[in-house]
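Since the structure comes first, as structure tokens, the remarks are kept for the end.
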Amino acid sequence: MPGGNVITNGTFDSDTAWVKDIGGGTTTISGGVASVSGGIKFLTQTDCLEVGRAYRFSFLTSGASGNGLRIGNHPSLNQADVVFGPYAVFNGLNVGTFTAVNTAFSLEADNAPFNGTVDNVVVVPGKMTFVKVGGVWKPVITHIKQSGVWKAATPAVKVGGAWKV
Ligand SMILES: [Ca+2]
């Protein structure tokens, strides 16, 4: 599907498509989720990204513990291709954006192994830019794909309680 999820089996319906446990740990795909124990680079999907393209991602974590999570693009254990994070581990919806520097999408632990369950991994192409508001960089969606064609969207950002174009 053009512009749709580039991840295969992001809902973990079966133990397929994912490369598990690069660098150690034990990840089990069962019951519709991925259960991670001592995860290092625990879930990787290879050959799903186009280098230089911007993507948005989201996935759910529950029962989570560990020091930090990050997103990598290298198909093996290579920290040079970390494109998002590290950020503190929490339970709920993890979201972010990155520009691909390699072809794999990987969920990785940072600094200490990750434990918990993962579900609903979604990675979609999406042009993103950032604007500084109140000293904090915020992502702004500037283009959307409709029927296979990229269209400019109106970038707007909330400044002082009002949306500005
Ligand atoms: Ca599921």
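Quick note: the sequence shown uses numbering that gives the first Met the number 0, first residue 0, plus one each step.
Glycine is no exception: its CB is placed at the ideal position from the N, C-alpha and C atoms.
Distance from the Cα of Thr7 is smallest, within the candidate group Thr43, Arg69, Ala87, for Thr43. Looking only at Gly24, Val88, Thr60, Ala99, the smallest Cα-Cα distance to Asp46 is reached by Ala99. Taking 9 Å as the cut-off, the Cβ atoms of Thr10 and Gly62 do not count as close.
In the structure shown, Ala108 falls within a strand segment according to DSSP collapsed to helix, strand and coil. Cβ-Cβ distances below 6 Å link Gly23 to Ile39 in the same chain, with the five nearest sequence neighbours on each side left out; the list follows chain order. Sequence-distant partners of Arg52 (beyond 5 residues in either direction) whose C-beta falls short of 8 Å from its own C-beta, in its chain, are Thr98, Ala99, Pro124.
In the structure shown, the three-state DSSP call for Asp20 is strand.
In this structure the segment 105-116 lies against the segment 64-72, because at least three pairs of beta carbons, one per stretch, are closer than 8 Å. Taking the Cα positions, Gln145 is about 11 Å away from Gly3. Taken through DSSP and simplified to helix, strand or coil, Asp80 comes out as helix.
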